[in-house]
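Undergrad:
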Amino acid sequence: MTAGLYGPYGGRYVPETLVPALDELEAGWREAWADEGFRAELDRLGREYGGRPTPLTLAERFAPGKRLYLKREDLLHTGAHKLNNALGQAQLARGLGKQRIVAETGAGQHGVATATVCARFGLECVVYMGAEDMRRQRPNVERMELLGAEVRAVEFGTRTLKEATSEAIRDWITNVESTHYLIGSCVGPHPYPEIVRELQSVIGREAREQILSAEGRLPEVVVACVGGGSNAIGIFAGFLDDAVELVGVEAEGAASLVTGRPGVLHGARSSLLADEDGQVLDAHSISAGLDYPGVGPEHAFLRDSGRAAYTTVGDGDAVDAFRRLARTEGIIPALEPSHALAHAGGLDAGLVLVCLSGRGDKDLAEVLAR
Ligand SMILES: Cc1ncc(COP(=O)(O)O)c(C=O)c1O
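Residue numbers (our numbering): 858 to 1227.
#1: To the nearest whole angstrom, what separates the beta carbons of T1015 and G987, a pair I think is in contact under 8 Å?
#2: Could you give the C-beta distance for R1062 and G1041, rounded to a whole number, given that I count them as a contact under 8 Å?
#3: Using DSSP's beta-bridge definition, name the partner residues of H1037.
#4: How far does the beta strand (DSSP E) with E1007 in it extend, from its first residue to its last?
#5: With the cut-off set at 9 Å, would you say C982 and G965 are in Cβ contact?
#6: Grouping DSSP H, G and I as helix and E and B as strand, with all else coil, what is R1216?
#7: List the endpoints of the continuous alpha helix (DSSP H) containing P1150.
#8: Would you check if the distance between the CB atom of P1154 and the CB atom of G868 is smaller than 9 Å?
#9: Identify whether Y985 lies in helix, strand or coil by the three-state DSSP scheme.
#10: Are V1170 and E1109 close, meaning C-beta to C-beta below 9 Å?
#11: Give the single residue among P872, L1018, P1076 and H938 whose Cα lies nearest to the Cα of G1217.
#12: Shortest alpha-carbon distance to L875 belongs to which of G903, G908, A1226 and G1045?
#13: Comparing the CB of N1032 with every heavy atom of ligand 1, is any distance shorter than 8 Å?
#14: Using only the alpha-carbon positions, how far apart do V1115 and L1130 sit?
#15: Here's the rule: buried if 16 or more other CB atoms are within 10 angstroms of the residue's CB, otherwise exposed. What is G825?
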């Protein structure tokens, strides 16, 4: 087994009862990822079930005067990049003989992706969701229930993603023999950050090929929103070895990388919103998927090494970008990638690639209420 460290970040900070399960998961993952049959089947599911490859769209009216391309993960089945990860982990869980899946969700997109793959593979599915997120992402709660998942409301703390994650981990600890914890971002104890990154790196691989074929060169800047960091690490993975600027955009009130400090949350060491005593602070964002005080450990490492830069966008600018993309391109984005759009729209660069991680149907009530 490996340590799963990204410089001083990552690792495993879990109760003893979870160590055998994480070891089993890591061994199963290593075997599966080295197996051509596993990868070919995942590729096939991505194409025939998910709708991959997702296209690149040039957003000429949104960003006049530059060439700004959108990587259209909003067009993936279920409406967000989360399906890439859910398909891969469900296939892995079946290989490990697990019949029951638990997941956490914030915006509900990961919950919907998980409920979808559980329906597709005949697995029992329980999704934990904060009561505040159930209110603001109602359509996704209805979708999960239609798909046959049980959605359990989490009523304590900020009633958002942090508490939902804690509850999912608690369930997993209790039912670890029968249950796979299908985590939704590149967070959590090793080997989760690595698994989620590899499963999302299809975004970056495709986007690199697509932009080379459209423009004959690589973008100057790649921009993605960062909640836990999975769509960002997925698209960054395609460009890490290139002379391409990588920018992650956090919500202003949930900026674990821009304003955070080192600490441990949900099984890993990373950069967190925390006070001087290490107490985790509450995050706030209009976007449920970014409303989380932690972030994947690889992003903390990329920040410290200088390979990627991170910045913030506030609720108001994200909503403006949401409305502007709808009006200028006929595409309604999710509130999460609207943060990336707001930043990218103002960049002084000729060729820009933005990860449009999901579509905005789930956010209509929240935006129209403003
Ligand atoms: C559409 C969309 N984009 C981005 C995110 C943030 O997650 P991550 O940073 O893991 O990509 C979410 C989370 O729910 C989401 O639904």
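Don't be surprised by glycine CBs; every beta carbon is placed ideally from N, CA and C.
TA: On the basis of the supplied data:
#1: 7 Å
#2: Going by Cβ atoms, the distance from R1062 to G1041 rounds to 21 Å, so no, they are not a contact pair.
#3: I958
#4: E1007 to V1011
#5: no
#6: strand
#7: That residue, P1150, is in no alpha helix (DSSP H); it is neither H nor E in DSSP.
#8: yes
#9: strand
#10: yes
#11: H938
#12: G1045
#13: no
#14: 9 Å
#15: The displayed coordinates of the chain run from 858 to 1227. Any statement about residue 825 would go beyond what the structure contains.
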